[in-house]
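Chains as they are written, first to last, in the working numbering: chain A, 1423 to 1763; chain B, 1423 to 1763.
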């Protein structure tokens, strides 16, 4: 089951829920949100309380929302308590760790429920060493003009499209939703700041170990985000990508939640990413992935055409129109990298 | 006393020791380094064991070294134990927290020694909010081509020079050495990655609260550092500076400890810092602070002239030749900012 009390209808805050519904490997039996009882999301029924989920026999409850600062809304505490009392484990991706909560941990020990903090960094993280440069295969990182506009989705869609074409591709998760979907990964925004690049380096090394000629690394934040840019740049240097896919919410002009903080124009973002890439592994933007979910088909096509005209790169909305053109552009871009083939 | 076993002669690894000897407010009675017994650093005697320090009646032992990844060399454990047994408290700036070490904490409780982890983040950090833009006064951040080349020193020297001219200036510490010197601050490299900019924002707000028309914020890392760049960019966006001072080790061409990772040319770094600054508060480099400690006077003057020719900005080595020209250039730069005066 997925806990999304009060947020299941909000594409921004419910991004963990939506990601798992769309790409997750485990069956989702119910969504809990008392403000939308009786509705559905992708065929999954929405219920109003924990008692209504029990007939579905859920094994675990995934915290399906993101919050600013990663803390629980106070009203959620009772919800977590009820799940645990029923023996339902909690998979939590917020910064606030439930394994460390004395009351919840005691309840869980009594009921046998398992508490899992998806964002808890593994022990033994280190500063990046440069071993990222030795990972075999091509590394592609999604980057963006803002947070929560679909970087993970684009990585997953490109990986799926590549697999369908017989290319050995692997999605590399760097955040709580990606971890909930893929079952491994490190939430790079939750590690000690000095170890961001080191964690990203470990992830591409692990991705290489798991096999894959094409690693599609989930991006985080934005280079020009006033709150999260540090994570973005550390991830860029630690993942050491050969190419970027630049994601953008069509029509957006300001950083979400930061009035007065303008987005950089797409053409400037394309150039900026190339300039901040590792001097010993320069990377540039291969194509533009637009999120046109707030436009009709006509508007979406116009936005795609405008992005192509502005940047001179292939642009498309992979969720709306498929990933084929973006993957073509990416493969061509990688094939033309000096010294790669 | 300062613990610098094995490292007191190394300007890189002993940077906390050197910073506190040069700028600290507390008296240093001895340095412990068994490899240099009988020598001195800035008039402070170097001794070989804890017993030899006891006549000086030290109140606390400061861990005076930095290590890659911030962990203790294994041989140090016995040293820490001996200090604590003698009732000498430990001020520790490494990532490895001694307050959390069961054995050391038990010993300290018994002997009455106080353990302090300078790098431990304060509780309640949050994502940056944009409140940094409302801090009164001018904010100046030191940035650099690499780590450990003197960014903190330059901030301290500029603050001292400004105070001597009657300008109300305040040094804003962002790392363990700065905290050991100034007695307040947050080690921004030790916070959860999502909160780097938020911690930096808190620091400039606190700097403003403590008074000061000119806040000189200690920089960290480098935008092109393969390990620490995330901290650098988060600090840039969270501190929201009006201007940068770019620090560089004269003659260096590679990131220290990362063979094959070239430094960016100074002129490119100047442009890059301006381009990554917050779009709603563009900042540019006001002047270049060179570290010429590996050159003779003639070589130092030539390096200063070359940096000025390359960038078109005033350059100088504030430790060697004084901070006067750099502060002049900085004040002129700030006075010319649009909308500031």
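In this text, a Cβ means the ideal position worked out from N, Cα and C, and glycines have one as well.
The C-beta of residue 1613 of chain A comes closer than 7 Å to at least one C-beta of chain B. In this structure, the alpha-carbon of residue 1663 of chain B lies about 16 Å from that of residue 1749 of chain B.
Listed along the chain, the chain B residues whose CB falls inside 8 Å of the CB of residue 1450 of chain A amount to none; the nearest CB is some 27 Å away. Nearest CB-CB separation between residue 1640 of chain A and chain B: not below the 7 Å threshold. Between residue 1665 of chain B and residue 1705 of chain B, the CB-CB gap stays under 7 Å. When C-beta atoms of the segment 1492-1504 of chain B are compared with those of the segment 1475-1482 of chain B, fewer than three pairs fall below 8 Å, so the two segments do not count as touching. When C-alpha distances from residue 1495 of chain A are compared across A:1632, A:1635 and A:1427, the shortest belongs to A:1427.
The residue from A:1656, A:1632, A:1438 and A:1510 with its alpha-carbon nearest to that of residue 1534 of chain A is A:1510. Taking a beta-carbon distance threshold of 7 Å, residue 1549 of chain A counts as an interface residue toward chain B. The three-state secondary structure of residue 1670 of chain B, taken from DSSP, is strand. In chain order, 1615 and 1652 make up the part of chain A whose C-beta sits under 7 Å from the C-beta of residue 1618 of chain B. When the beta-carbon positions are compared, residue 1621 of chain B and residue 1613 of chain B come within less than 7 Å of each other. When DSSP states are grouped into helix, strand and coil, residue 1716 of chain B belongs to the coil group.
Per the Cβ contact rule, the segment 1558-1573 of chain A is in contact with the segment 1650-1664 of chain A (3 or more Cβ pairs under 8 Å). Residue contact check for residue 1655 of chain B against chain A: a CB pair falls below 7 Å. The beta carbon of residue 1491 of chain B falls within 7 Å of a beta carbon belonging to chain A, placing the residue at that interface. When Cβ-Cβ separations below 7 Å define contact, residue 1429 of chain B makes no contact with chain A. Between residue 1605 of chain B and residue 1574 of chain B, the CB-CB gap reaches or exceeds 7 Å. In the three-state reduction of the DSSP assignment, residue 1462 of chain B falls in the strand class, which pools E and B.
Less than 7 Å divides the Cβ of residue 1425 of chain B from the Cβ of residue 1485 of chain B. Apart from sequence neighbours up to five positions away, the residues of its chain that approach residue 1549 of chain B with a beta-carbon distance below 8 Å are 1616, 1617, 1619 and 1620, ordered along the chain. For the C-beta of residue 1759 of chain B, not a single chain A residue is nearer than 9 Å; the gap to the nearest is close to 18 Å. The C-alpha of residue 1678 of chain B lies about 53 Å from the C-alpha of residue 1720 of chain A. Within the segment 1684-1701 of chain B, 1684, 1685, 1686, 1690, 1693, 1694, 1697, 1698, 1700 and 1701 place their CB atoms closer than 9 Å to a CB of chain A, listed in sequence order. Taking every protein chain shown into account, the CB of residue 1452 of chain A has 16 or more other CB atoms within 10 angstroms, so this residue is buried.
Cβ proximity to chain B below 7 Å picks out 1610 from the segment 1583-1610 of chain A.
In chain order, 1655 and 1698 make up the part of chain B whose C-beta sits under 8 Å from the C-beta of residue 1645 of chain A. When DSSP assignments are scanned along the segment 1506-1540 of chain A, the uninterrupted stretches of beta strand (DSSP E) that are 3 or more residues long and fall wholly within it turn out to be 1511-1514 and 1537-1539.
Closer than 7 Å to the CB of residue 1534 of chain A there is not a single CB belonging to chain B. In the DSSP assignment, residue 1561 of chain B falls within the beta strand (DSSP E) that extends over 1560-1566. Listed along the chain, the chain B residues whose CB falls inside 8 Å of the CB of residue 1517 of chain A are 1614 and 1616.
In the same chain as residue 1506 of chain B, and ignoring 5 residues on each side of it, the C-beta atoms closer than 8 Å to its own belong to 1512, 1526, 1529, 1530, 1533, 1535 and 1537, in chain order.
From the listed residues A:1683, A:1667 and A:1672, the smallest Cα separation to residue 1696 of chain A is found for A:1667. Taking the Cα of residue 1701 of chain B as reference, the smallest distance to any Cα among A:1702, A:1743, A:1691 and A:1707 is reached at A:1691. The alpha-carbon separation between residue 1669 of chain B and residue 1753 of chain B amounts to approximately 17 Å.
For residue 1680 of chain A, the chain B residues whose C-beta falls within less than 7 Å of its own C-beta are 1552, listed in chain order.
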